[in-house]
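Engineer:
In my numbering, the protein residues as written are 2 to 459.
1. What does the Cβ neighbour count give for residue 233, buried or exposed, with the cut at 16 atoms within 10 Å?
2. Would DSSP call residue 242 helix, strand or coil?
3. Can you name the residues that DSSP bridges to residue 305?
4. So what does residue 384 bridge to, in DSSP terms?
5. Using the C-alpha atoms, what's the distance from residue 427 back to residue 443?
6. DSSP beta-bridge partners for residue 234?
7. According to DSSP, is residue 352 helix, strand or coil?
8. Look up residue 169 in the DSSP assignment and give the residues it is bridged to.
9. What is the DSSP secondary structure of residue 186, reduced to helix, strand or coil?
10. Excluding the five sequence neighbours on either side, which residues of its own chain have a C-beta within less than 8 Å of the C-beta of residue 278, listed in chain order?
11. So what does DSSP say about residue 60, is it helix, strand or coil?
12. Using beta-carbon positions only, say whether residue 156 and residue 129 come within less than 9 Å of one another.
13. Within this structure, are the beta carbons of residue 371 and residue 283 separated by less than 9 Å?
14. When DSSP builds the beta bridges, which residues end up paired with residue 205?
15. What three-state label does DSSP hand residue 79 in the structure shown?
16. Closest by CA to residue 393, which one among 126, 184, 352, 181?
17. Is any beta-carbon of chain C found at less than 9 Å from that of residue 58?
18. Output the distance between the C-alpha atoms of residue 144 and residue 152, rounded to the nearest integer angstrom.
19. Tell me, to the nearest whole angstrom, how far the beta carbon of residue 364 is from that of residue 312; I am working on the premise that it is less than 8 Å.
20. What's the call for residue 306, buried or exposed, on a 16-neighbour Cβ count within 10 Å?
21. Relative to the C-alpha of residue 214, which candidate in 231, 201, 238, 207 has its C-alpha closest?
22. When the Cα of residue 229 is compared with those of 165, 172, 205, 61, which residue comes out closest?
23. Mapping the DSSP letters down to three states, classify residue 54 as helix, strand or coil.
24. Whole angstroms are fine: how far does the CA of residue 361 sit from the CA of residue 337?
25. Taking 9 Å as the cut-off, decide whether the C-beta atoms of residue 205 and residue 285 are in contact.
26. Quick one: residues in its chain with C-beta nearer than 8 Å to the C-beta of residue 246, no 5 flanking neighbours on either side, listed in chain order?
27. For residue 374 and residue 126, what's the separation of their Cα atoms in angstroms?
28. For residue 267, name the three-state secondary structure that DSSP assigns.
29. In this structure, what does DSSP give as the bridge partners for residue 285?
Laid out in structure tokens, this is it:
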């Protein structure tokens, strides 16, 4: 076993980090019955002893403890299994108990959110909606069930409810998130006096109920409800409000896709029926910079409508390409064009199954709406024919001579920019100026240099 010393003082073996050796477990490992030792006459270890050793030898290494990230608003109360229909978020044991100042800050933030939630949604300011959204992102029970767009707008339908102690809350008509106080699961068969106070408790950060209405009540299924153990402040999202919010988000997304298609100059004269068919197929995506969208010589993987950002159109230089056997060989490209917002590509390549004459790479972060090839080929014949009539290839194939001339022009431009930067940097450095700092710095010679603000260049 190869062992080496890590710079931080930890030992490493087999790509794993450990602090040292636990000699208690090491001695116990050596006492395994049937194990062959150096000073024994046993020819070999038994199979059972060998298996025990292989399963236990990792215990002799002392490993650093892993710090588990803790939700600052997670309930500290014990959560035991409740009714079958009750969905409560279980709390995790906190890693560090000394969180006095942190808990005070948490309570302050929750109080501010409760104060904003007590207003009618229409009366809340944009800043209050933003602060509510920022706080709700901390609760896993919301982030696990809501999309990013739903979570951003959930503050427009959320309200706060105040409950006294020993009150029954029915959870079948919405989703409930506890911001203050605690509750316990409660069933129709259980009386208030029979509730075990030491049983399952849902504290701050816990939830019950659901965003969708129940499919139907059958015999034997208990209604979701809880019993408050103390005065509570509970955030409520009703089923009707959530359904209305989903419809609004779908309408907003559809309007965005429709405007994206209509903004492209190829589709200005298209009828609304054909645009609607394309809008139903679009999926919005965000792509990073320097991401290859299309490779030259291959069919486009999708049709793209650019909403934000820019892309390079590249063509390779066959005459200047090194042989594959040469060390460090790579294909060189020349920029022949750009694609910006409200432009599209890939329609002709997919419908006619033609290889793309150029490569397309994102220059900046890009937000695009894409249509997969299977969905595009599944369109009716009228829409497909209309697309072939209006759309055009992304960029025509240049001749080899034109590519070479464009490549030489761009390389000369890069070389000239490099020369200008180098000359300017040398001139500033000669006069003791460190570029980018905005101040004089004495980096040449051993003595100090006097400065005259009226004539800084000595």
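Idealized CB from N, CA, C, for every residue including glycine. If you're wondering where the values come from, they're calculated on a predicted model, not measured in any experiment.
Structural biologist: So, from the data block:
1. buried
2. Correct three-state label for residue 242: helix.
3. Bridge partners of residue 305 according to DSSP: 346, 371.
4. Note: residue 384 sits in no beta bridge, so no partner.
5. At residue 443, the pLDDT of 49 sits below 50, so the modelled position is not reliable; the number obtained from the coordinates is stated separately. Roughly 15 Å between the two C-alpha positions.
6. 163, 181
7. helix
8. Residue 169 is bridged to 228.
9. Looking at residue 186 - three-state DSSP - the assignment turns out to be strand.
10. 380, 381, 384
11. helix
12. Yes. Within cutoff.
13. yes
14. According to DSSP, which records beta bridges pairwise, residue 205 is partnered with nothing at all.
15. Low local confidence applies: a pLDDT of 45 at residue 79 is under 50, so the model's placement there is unreliable, with the coordinate-based value given in what follows. Looking at residue 79 - three-state DSSP - the assignment turns out to be coil, as it is neither helix nor strand.
16. 352
17. Although the question refers to chain C, the structure presented lacks it and comprises just one protein chain.
18. 7 Å
19. 6 Å
20. buried
21. 238
22. 165
23. helix
24. 10 Å
25. no
26. 151, 154, 155, 157, 158
27. 44 Å
28. helix
29. 370
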